[in-house]
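Asker:
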Amino acid sequence: GNVWEWCWDWGADYPDEPKTNYEGAPSGSTRVLRGGSWYSDDNYYRVAVRDDDYPYLRNYYFGFRVVRHL
């Protein structure tokens, strides 16, 4: 997309060892952002790119994706 996408996951480093069915950090103060934006350098234009920030922050290059279970 053309904005960083907010995710529901808490921001935290991944564990050093492999995990099965890893569900992420149980709590935290930051939320994950994925994918980079039009404002980012070229190497951030992938969905695999991951960052985190405080969820109360607003910016013109942060967005979200609406999802639901079917």
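Residue numbers (this note's numbering): 478 to 547. No residue lacks a Cβ here, since even glycine has one placed at the ideal position from N, Cα and C.
Quickly, what does DSSP pair E482 with across the bridge? List them, please.
Answerer: Within the sequence shown, the letter at position 5 stands for residue 482. According to DSSP, E482 bridges with R511, G540.
Asker: Beta-carbon separation of T507 and D490 under 8 Å?
Answerer: Residue 507 sits at position 30 when you count from the first residue of the sequence shown. Residue 490 sits at position 13 when you count from the first residue of the sequence shown. No, they are not a contact pair.
Asker: Please classify W481 as buried or exposed, where buried requires at least 16 other C-beta atoms within 10 Å of its C-beta.
Answerer: In the sequence shown, the residue the question calls residue 481 occupies position 4. Buried, by the Cβ-count rule.
Asker: Does the distance from the C-beta atom of G501 to that of W483 stay below 8 Å?
Answerer: To locate residue 501, count along the sequence shown from 1; it is residue 24. To locate residue 483, count along the sequence shown from 1; it is residue 6. For G501 and W483, no; Cβs fall outside 8 Å.
Asker: Which partner residues does R527 have in the DSSP bridge list?
Answerer: As a position in the sequence shown, residue 527 is number 50, starting the count at 1. BP columns for R527 point to R511.
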